[in-house]
Amino acid sequence: MKVYINQNETEVPEGTSVKELLDLQQIAAEGTAIAIDNKLVPKSEWSNRTLTDGDKITLIRATFGG
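Below, the structure written as structure tokens:
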């Protein structure tokens with residue numbers, strides 16, 4: 002199925018959770034915030050929140066340094 006990560010179309014298997022998406026994309030959970038269709042998804046729900054076709058995912062990564 003197709004989802005959009007920061008406006009980039011991405012194919013993922015049906016039934017993929019937010020946590021599995023991060024694993025597939027090789028993105029560390031620490032320092033990451035995720036919103037789906039402009040609604041923040043708490044980290045405690047990442048394993049249970051299943052993606053659906055056409056979801057628009059905003060992925061924000063904290064950066065460190067100065």
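All letters in the sequence shown, in the order written, are residues 2 to 67 by the working numbering. Glycine included, C-beta positions come from ideal geometry on N, C-alpha and C.
Between which two residues does the alpha helix (DSSP H) containing residue i stretch?
i   : result
L22 : 19 to 25
What are the start and end residues of the beta strand (DSSP E) that includes residue i?
i   : result
E10 : 9 to 12
I6  : 3 to 6
I35 : 33 to 37
Quick one, which of the options has its alpha-carbon nearest residue i's?
i   : options            : result
Q8  : S48, A36, T64      : A36
I61 : A30, M2, G55, S45  : A30
E21 : E46, F65, G66      : E46
E10 : T64, D56, S48, V19 : D56
Would residue i pass as a contact of residue j if the rule is Cβ separation under 8 Å?
i   : j   : result
L52 : T17 : yes
K3  : E15 : no
Q: Output the residue ranges of the beta strand (DSSP E) runs that lie fully inside the stretch 39 to 63 and measure 3 residues or longer, sorted by chain position.
A: If only complete runs of 3 or more residues are kept, the stretch 39 to 63 shows the beta strand (DSSP E) at 57 to 62, in order along the chain.
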